[in-house]
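Those protein sequences? They're chains A and B, same order as listed.
Taking the working numbering, the leading residue of the first sequence gets 5, the next gets one more, and so forth.
Taking the working numbering, the leading residue of the second sequence gets 5, the next gets one more, and so forth.
Here a beta-carbon is modelled for each residue, glycine too, at the ideal position from N, C-alpha and C.
Since we're looking at a predicted model, the values are computed, not measured.
Protein chains: 2
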Amino acid sequence: MISFGSGQPDLPPPAELFSVRLGPRKFPYGLIQGEEKLRTAIAKEYPNAKPEQFVITNGASEAIDLTLRAISRPGARVLLPVPYYYSYPHNVRFAGMVPDYYKLRRGKIEIESFLNKLSRAHAVLINSPSNPAGSVQDVEVLKHIEKMAAKYNVHVISDEIYKDLIYERENYLLKGPHVHTINSFSKTFAMCGLRVGYLFSKDEEVVKKVIEMKSHTAMNTNVLAQEMASKALQAPKSLIEKQRNLWRERRDFIYATMLEMGLDLWKPEGAFYVFPKFKDANRVVSELFHKYKIITYDGAWFGDPTRVRFSYALDIERIKKGLDRVKAFLNKEYRSY
Amino acid sequence: MISFGSGQPDLPPPAELFSVRLGPRKFPYGLIQGEEKLRTAIAKEYPNAKPEQFVITNGASEAIDLTLRAISRPGARVLLPVPYYYSYPHNVRFAGMVPDYYKLRRGKIEIESFLNKLSRAHAVLINSPSNPAGSVQDVEVLKHIEKMAAKYNVHVISDEIYKDLIYERENYLLKGPHVHTINSFSKTFAMCGLRVGYLFSKDEEVVKKVIEMKSHTAMNTNVLAQEMASKALQAPKSLIEKQRNLWRERRDFIYATMLEMGLDLWKPEGAFYVFPKFKDANRVVSELFHKYKIITYDGAWFGDPTRVRFSYALDIERIKKGLDRVKAFLNKEYRSY
Numbered sequence: 005m006i007s008f009g010s011g012q013p014d015l016p017p018p019a020e021l022f023s024v025r026l027g028p029r030k031f032p033y034g035l036i037q038g039e040e041k042l043r044t045a046i047a048k049e050y051p052n053a054k055p056e057q058f059v060i061t062n063g064a065s066e067a068i069d070l071t072l073r074a075i076s077r078p079g080a081r082v083l084l085p086v087p088y089y090y091s092y093p094h095n096v097r098f099a100g101m102v103p104d105y106y107k108l109r110r111g112k113i114e115i116e117s118f119l120n121k122l123s124r125a126h127a128v129l130i131n132s133p134s135n136p137a138g139s140v141q142d143v144e145v146l147k148h149i150e151k152m153a154a155k156y157n158v159h160v161i162s163d164e165i166y167k168d169l170i171y172e173r174e175n176y177l178l179k180g181p182h183v184h185t186i187n188s189f190s191k192t193f194a195m196c197g198l199r200v201g202y203l204f205s206k207d208e209e210v211v212k213k214v215i216e217m218k219s220h221t222a223m224n225t226n227v228l229a230q231e232m233a234s235k236a237l238q239a240p241k242s243l244i245e246k247q248r249n250l251w252r253e254r255r256d257f258i259y260a261t262m263l264e265m266g267l268d269l270w271k272p273e274g275a276f277y278v279f280p281k282f283k284d285a286n287r288v289v290s291e292l293f294h295k296y297k298i299i300t301y302d303g304a305w306f307g308d309p310t311r312v313r314f315s316y317a318l319d320i321e322r323i324k325k326g327l328d329r330v331k332a333f334l335n336k337e338y339r340s341y
Numbered sequence: 005m006i007s008f009g010s011g012q013p014d015l016p017p018p019a020e021l022f023s024v025r026l027g028p029r030k031f032p033y034g035l036i037q038g039e040e041k042l043r044t045a046i047a048k049e050y051p052n053a054k055p056e057q058f059v060i061t062n063g064a065s066e067a068i069d070l071t072l073r074a075i076s077r078p079g080a081r082v083l084l085p086v087p088y089y090y091s092y093p094h095n096v097r098f099a100g101m102v103p104d105y106y107k108l109r110r111g112k113i114e115i116e117s118f119l120n121k122l123s124r125a126h127a128v129l130i131n132s133p134s135n136p137a138g139s140v141q142d143v144e145v146l147k148h149i150e151k152m153a154a155k156y157n158v159h160v161i162s163d164e165i166y167k168d169l170i171y172e173r174e175n176y177l178l179k180g181p182h183v184h185t186i187n188s189f190s191k192t193f194a195m196c197g198l199r200v201g202y203l204f205s206k207d208e209e210v211v212k213k214v215i216e217m218k219s220h221t222a223m224n225t226n227v228l229a230q231e232m233a234s235k236a237l238q239a240p241k242s243l244i245e246k247q248r249n250l251w252r253e254r255r256d257f258i259y260a261t262m263l264e265m266g267l268d269l270w271k272p273e274g275a276f277y278v279f280p281k282f283k284d285a286n287r288v289v290s291e292l293f294h295k296y297k298i299i300t301y302d303g304a305w306f307g308d309p310t311r312v313r314f315s316y317a318l319d320i321e322r323i324k325k326g327l328d329r330v331k332a333f334l335n336k337e338y339r340s341y
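Here's what the structure looks like:
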């Protein structure tokens with residue numbers, strides 16, 4: 005079985021992480037907001053940021069859940085991209101609000117139809133780089149969104165967990181009075197199972213509300229994992245650069261090979277997903293699994309039933325082997341669709 | 005400063021916990037429901053329990069939050085004890101329901117008034133042993149509640165996180181088709197900051213819903229902490245017994261000393277709190293803090309403004325020293341109240 009399914013890096017976490025002191029020691033409750041040391045270290049990664057503008061959470065998931073609950077107005081609309089990360093619509097509904105959608109065209113925001121919907125929304129979720137689309141939004145578009153969201157007084161939840169996995173430019177941090185940036189140690193530092201994410205916001209009200217909620221819904225994020233996250237930040241920046249080059253190679257290979265195969269897809273600019281189009285995508289996923297021993301994710305899970313998500317979080321030899329199987333499938337079965 | 009405030013054991017965690025393998029290794033996502041190994045080990049601690057009836061959570065807090073959200077019906081009543089653990093009313097409201105209250109009389113449930121309210125409730129929360137009351141409910145009362153909750157088809161959330169800290173008898177596990185038991189590694193194994201708790205329920209629907217919600221709101225509980233919890237369960241049972249004896253000594257001492265001082269309180273049967281009565285409890289907490297360098301918690305935070313919570317999670321020498329200060333306060337200031 006070759007898995008193009010997984011949304012997590014196959015690379016190891018930075019070695020620095022293992023220098024944490026396991027024990028013998030005590031593990032008392034930590035600050036609900038997160039360890040001061042970790043927040044101070046993260047704040048240095050953002051322009052004009054202060055440690056008190058961060059809340060350390062159980063992964064990006066909890067940061068999104070709590071932020072939505074903190075800003076919740078019953079029945080209000082929250083704009084989500086289509087395709088979306090599959091949790092978003094659930095998160096919105098769990099917070100007592102209603103998902104509304106803006107379409108990405110080949111991964112990109114179409115600003116006019118987006119703005120039409122924005123004025124009626126209470127909040128909007130931006131996910132650049134995108135899971136599952138692998139797209140990165142243009143800086144001009146993001147700047148325009150900043151301006152209009154501030155004008156309409158709309159909360160912006162910016163899920164930037166793939167910010168260190170952009171192949172074409174530096175990340176552009178969305179900014180604004182009600183911008184709530186979501187990030188995570190999972191992807192950059194391969195710490196998925198340790199569950200360390202965070203919220204960064206200059207909206208004091210929201211930060212305060214999130215901390216208060218978290219004191220009742222989970223209390224502090226695991227203190228040992230927070231120490232490991234602090235250590236991870238001490239890894240040389242060249243490590244991230246090196247890893248990005250590795251991801252870029254894989255991206256180039258999978259994109260070029262799929263193009264050769266005649267698949268309809270766009271060149272991913274970030275994250276580690278390609279999102280090719282298929283007739284009857286659901287059947288494709290099922291046949292690839294049962295007949296070709298390949299795991300892929302049905303685009304329908306992400307709100308686009310015309311496509312299939314392939315993650316390239318596996319080494320290039322396995323990508324090659326997996327794509328050979330896809331090729332065989334295309335030649336043998338898919339023609340008859 | 006002497007703190008009678010803390011709700012966490014001052015004792016160290018079991019040494020077994022430090023035998024976990026920190027690395028170098030990878031930390032991929034774990035099962036949302038929790039590691040099979042840990043659930044299997046916990047299931048052995050409960051009669052007729054199966055690993056699939058457990059969900060490992062970020063402490064008891066997340067188990068309560070998710071269980072309430074999973075059973076939520078907008079506007080439905082959830083019965084809470086008074087005094088209560090201060091998060092409960094928030095948890096109920098966060099889940100879109102309405103807190104209603106049943107009174108504990110000197111820590112004990114009064115079954116008639118309780119049952120009157122039960123028939124109109126969607127869910128009830130039982131917390132025995134109680135934080136802050138230090139009380140343990142009688143087995144006959146608990147059995148009666150089981151029967152009536154089943155009859156009225158009311159969800160029972162049984163917060164038993166102090167189950168291993170009962171001085172008078174063994175814990176009585178509340179049972180029933182819609183009983184959702186909440187527990188934690190925090191108190192028994194002094195693992196507060198590591199955040200490992202769990203839900204145990206024979207209600208398949210609720211377990212399924214909690215797992216589904218958790219996949220969107222937090223994903224797996226920290227995998228390393230789960231391994232540490234598995235190791236903690238390998239500690240000899242005599243350790244828990246030894247620690248219980250230590251807690252009992254402290255309990256006996258603080259209770260006898262406060263009685264001698266003439267304070268109105270009941271003898272705690274579980275957990276590590278005493279809850280004496282004071283005129284103007286809020287002022288008492290403030291004066292103890294500012295003039296006598298003693299931290300205590302205002303009963304108002306727990307829904308009973310006539311009392312003050314003292315935790316005895318500190319060594320007996322410090323308890324003694326702290327109580328001397330309380331005595332001085334009683335003799336000098338309190339007379340004038």
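What number of angstroms, rounded off, separates the C-alpha of residue i from the C-alpha of residue j?
| i | j | result |
| --- | --- | --- |
| leucine 327 of chain B | valine 183 of chain A | 50 angstroms |
| leucine 35 of chain B | alanine 260 of chain A | 34 angstroms |
| alanine 194 of chain A | asparagine 286 of chain A | 30 angstroms |
| asparagine 226 of chain B | glycine 27 of chain B | 15 angstroms |
| asparagine 52 of chain B | tyrosine 92 of chain B | 29 angstroms |
| leucine 15 of chain B | lysine 30 of chain A | 8 angstroms |
| phenylalanine 204 of chain A | valine 59 of chain A | 7 angstroms |
| serine 290 of chain B | lysine 297 of chain B | 10 angstroms |
| glutamate 264 of chain B | aspartate 256 of chain B | 12 angstroms |
| leucine 42 of chain A | leucine 334 of chain A | 49 angstroms |
| aspartate 163 of chain A | tyrosine 50 of chain B | 41 angstroms |
| isoleucine 46 of chain B | leucine 269 of chain A | 48 angstroms |
| arginine 109 of chain B | threonine 192 of chain A | 54 angstroms |
| isoleucine 170 of chain A | serine 134 of chain A | 10 angstroms |
| lysine 241 of chain B | lysine 48 of chain B | 13 angstroms |
| arginine 311 of chain A | arginine 81 of chain B | 45 angstroms |
| glutamate 40 of chain A | proline 55 of chain A | 7 angstroms |
| arginine 248 of chain A | alanine 229 of chain B | 30 angstroms |
| serine 76 of chain B | isoleucine 215 of chain B | 15 angstroms |
| methionine 4 of chain B | tyrosine 202 of chain B | This structure cannot settle anything about residue 4 of chain B, because the visible part of chain B is limited to 5 through 341. |
| aspartate 104 of chain A | valine 96 of chain A | 10 angstroms |
What do you get for residue i, buried or exposed, if any count of 16 or more other CB atoms within 10 angstroms of its CB means buried?
| i | result |
| --- | --- |
| tyrosine 277 of chain A | buried |
| arginine 199 of chain B | buried |
| leucine 250 of chain B | exposed |
| isoleucine 320 of chain A | exposed |
| tyrosine 341 of chain A | exposed |
| serine 315 of chain B | buried |
| aspartate 371 of chain B | This structure cannot speak to residue 371 of chain B, because chain B is shown only from 5 to 341. |
| asparagine 62 of chain B | buried |
| asparagine 187 of chain B | buried |
| threonine 44 of chain A | exposed |
| aspartate 308 of chain A | buried |
| tyrosine 234 of chain B | Inspection of the sequence shows that residue 234 of chain B is occupied by serine rather than by tyrosine. Its Cβ being crowded by 16 or more others within 10 Å, serine 234 of chain B is buried. |
| lysine 218 of chain B | buried |
| proline 78 of chain B | exposed |
| glycine 266 of chain B | exposed |
With residue i and residue j assumed to form a contact (beta carbons below 8 angstroms), what rounded beta-carbon distance in angstroms separates them?
| i | j | result |
| --- | --- | --- |
| serine 190 of chain B | isoleucine 165 of chain B | 7 angstroms |
| valine 160 of chain A | valine 140 of chain A | Not confirmed; about 17 angstroms, so no contact. |
| glutamate 66 of chain B | threonine 71 of chain A | At roughly 17 angstroms, the Cβ-Cβ gap does not stay under 8 angstroms, so glutamate 66 of chain B and threonine 71 of chain A are not in contact. |
| serine 123 of chain A | tyrosine 156 of chain A | 5 angstroms |
| phenylalanine 279 of chain B | arginine 313 of chain B | 6 angstroms |
| valine 288 of chain B | glutamine 57 of chain B | Contact flag wrong, Cβ pair sits at about 44 angstroms. |
Any residues in the segment 180-199 of chain A with a beta carbon nearer than 8 angstroms to a beta carbon of chain B? Which ones, in chain order?
Ala194, Met195, Cys196, Gly197, Leu198 and Arg199
Secondary structure, beta strand (DSSP E): runs of 3+ residues fully inside the segment 177-213 of chain A:
183-188 and 201-205
Inside the segment 100-187 of chain A only - beta strand (DSSP E) runs reaching at least 3 residues:
102-109, 127-130 and 159-163
Using a Cβ cut-off of 7 angstroms, which residues of the segment 27-39 of chain B contact any Cβ in chain A, in chain order?
Gly27, Pro28, Lys30, Phe31, Pro32, Tyr33 and Gly34
Pick out the complete alpha helix (DSSP H) segments inside the segment 272-329 of chain A, 4 residues or longer, and give them in chain order.
285-296
Go through the segment 50-100 of chain B residue by residue and report every complete run of the beta strand (DSSP E) that reaches 3 residues or more, in order.
58-61 and 81-86
Tell me which residues of the segment 73-90 of chain A have at least one Cβ-Cβ distance to chain B shorter than 9 angstroms, keeping chain order.
Arg73, Pro78 and Tyr90
Where the segment 93-107 of chain A meets chain B: residues whose CB sits under 8 angstroms from a CB there
His94, Asn95, Phe98 and Gly100
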